[in-house]
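Numbering of the sequence shown is given in the numbering used here, commencing with residue 8 and proceeding in unit increments. Beta carbons are placed, not taken as given, at the ideal position from N, Cα and C, and that holds for glycine. On a predicted model such as this, the values are computed, not experimentally measured, just so you know. Working notes, structure below.
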Amino acid sequence: ILLQYYTGNDHVLFGVTLSGRNLSVSHIEHVVGPCINTVPCHAHLTQDTAVWALLDQLQQASVQAMPYEHCSLADIHKCTAVDPGQALFNTLMVYENYPEATPDAACPIAFQYESAEQNTEYPLTILAGANAGQLGMDFTYRTDIFPREYMQQVITHCERIVNSIVASASDTLVSQVDALSPAERHLLLTTFATNPHEHPVGYAHQYFLHQARHRPGATALRTTAHKYTYHQLSAMAHGLAAQLAQAAPTASDRIVAIVADNSVALVAGQLAVWLAGCAFVVVDPQYPLERKRFILSDAQCVAVLGHNADLADIPASLPTIALDTLDASTDQPAAFAPVTPAPSSL
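In structure tokens:
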């Protein structure tokens, strides 16, 4: 549940450590040395998954995996489509279930440790275990990936999830398990989800025209060799829009093709089509002729904008407007009244 909470995925995969001593091998419990093995564990969580059903599902999967718990992680990795250089998971869950030793008052020697340090090959390892009837959890993490403050938040959320599960009824859903505190919920829903600044509601070209009126000398477009101000780009777009309105029937449900690569002509053409109240479809000049003609026919274009060299093979029945004559030095935009589209416009 914690992984789903932080990843947003309904399918989560993490590693689990198995004791390796459940095999039907005589006296395996007396074998000296570790027999542990790490294998992947998959969980599927949905909004309708009950918490206790999920726990039962994981327990059943663990029982079914016991005959295969000796399989190495490397061999399991080979059976997947995951690239060999990519880890199957980055979170490891370890549950220690050792019998508690009873202190022997007659023993003359006793040991205790004050602190311990250990490394893990996974970004996050969660070690859980029961001690004196209480569940304890240790988090080992890579500090180069997770800041301390972030991990403190993860630990706090994990604690809330565990407490919520313990207190939940048998029919409690995963979606009802909440890791957020009231303060965090208020922060997300009230502080972060609101914007104190009001922004005008409009269309993209209307925002551009607003900038052209209030910041005409500011740079609107920059290419490798030139800079174009809002005033210059507005003048070019208005000139093209006026030509387009004269050459073709423009309306909110009409589409104009723009045959151009990435250039100032392409941007000016897009603005011009919007100013005329139409929609546009961009056609790569490098497309094969048949591909170009298919797009023009399929989109039912009413006109085509492009450089003269790219307009040579356009069907004669379509009006064309050349982009070669765009003049960035035009002092005043052409006398053209932009069309205001409706919300239902194409």
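Go ahead and label residue i buried or exposed: buried means 16 or more other beta carbons lie within 10 angstroms of its beta carbon, across all protein chains shown.
i           : result
residue 73  : exposed
residue 327 : buried
residue 114 : exposed
residue 317 : buried
residue 299 : buried
residue 96  : buried
residue 230 : exposed
residue 261 : buried
residue 79  : exposed
residue 133 : buried
residue 301 : exposed
residue 66  : exposed
residue 14  : exposed
residue 93  : exposed
residue 225 : exposed
residue 235 : buried
residue 86  : exposed
residue 141 : exposed
residue 49  : exposed
residue 257 : buried
residue 70  : exposed
residue 199 : exposed
residue 250 : buried
residue 11  : buried
residue 310 : buried
residue 23  : buried
residue 195 : exposed
Please name the residue or residues paired with residue i in a DSSP beta bridge.
i           : result
residue 264 : 288, 311
residue 144 : 135
residue 329 : 313
residue 103 : 136
residue 235 : 228
residue 98  : 131
residue 57  : 180
Give the C-beta separation of residue i and residue j to the nearest angstrom, bearing in mind that I take them to be a contact with Cβ-Cβ under 8 Å.
i           : j           : result
residue 288 : residue 306 : 5 Å
residue 77  : residue 44  : 6 Å
residue 312 : residue 276 : 5 Å
residue 184 : residue 52  : At roughly 10 Å, the Cβ-Cβ gap does not stay under 8 Å, so residue 184 and residue 52 are not in contact.
residue 254 : residue 290 : Incorrect: roughly 18 Å between the Cβ atoms, too far for contact.
residue 129 : residue 98  : 6 Å
residue 268 : residue 292 : 6 Å
residue 172 : residue 58  : 6 Å
residue 348 : residue 241 : Rounded, the Cβ-Cβ distance is 18 Å, inconsistent with contact.
residue 329 : residue 278 : Between residue 278 and residue 329 the Cβ distance is about 17 Å, and since that is not below 8 Å, they are no contact.
residue 212 : residue 282 : 6 Å
residue 100 : residue 21  : 6 Å
Put residue i into one of helix, strand or coil per three-state DSSP.
i           : result
residue 47  : strand
residue 138 : strand
residue 214 : helix
residue 194 : helix
residue 199 : helix
residue 248 : helix
residue 21  : strand
residue 180 : strand
residue 272 : helix
residue 219 : helix
residue 320 : coil
residue 172 : helix
residue 166 : helix
residue 149 : coil
residue 93  : coil
residue 208 : coil
residue 343 : coil
Got a sec? Which residues, its chain only, sit under 7 Å from residue i by beta carbon, not counting five neighbours each side?
i           : result
residue 9   : 164, 165, 168
residue 179 : 57, 58
residue 186 : 12, 164, 167, 168
So, at 6 Å on beta carbons, what are the nonlocal neighbours of residue i in its own chain, with the 5 sequence-adjacent residues on each side left out?
i           : result
residue 331 : 314, 315
residue 223 : 237, 238
residue 131 : 98, 148
residue 175 : 58
Return the chain-ordered list of same chain residues with a C-beta closer than 8 Å to the C-beta of residue i, the five sequence neighbours on each side being excluded.
i           : result
residue 322 : 300, 303
residue 84  : 91, 95
residue 274 : 228, 240
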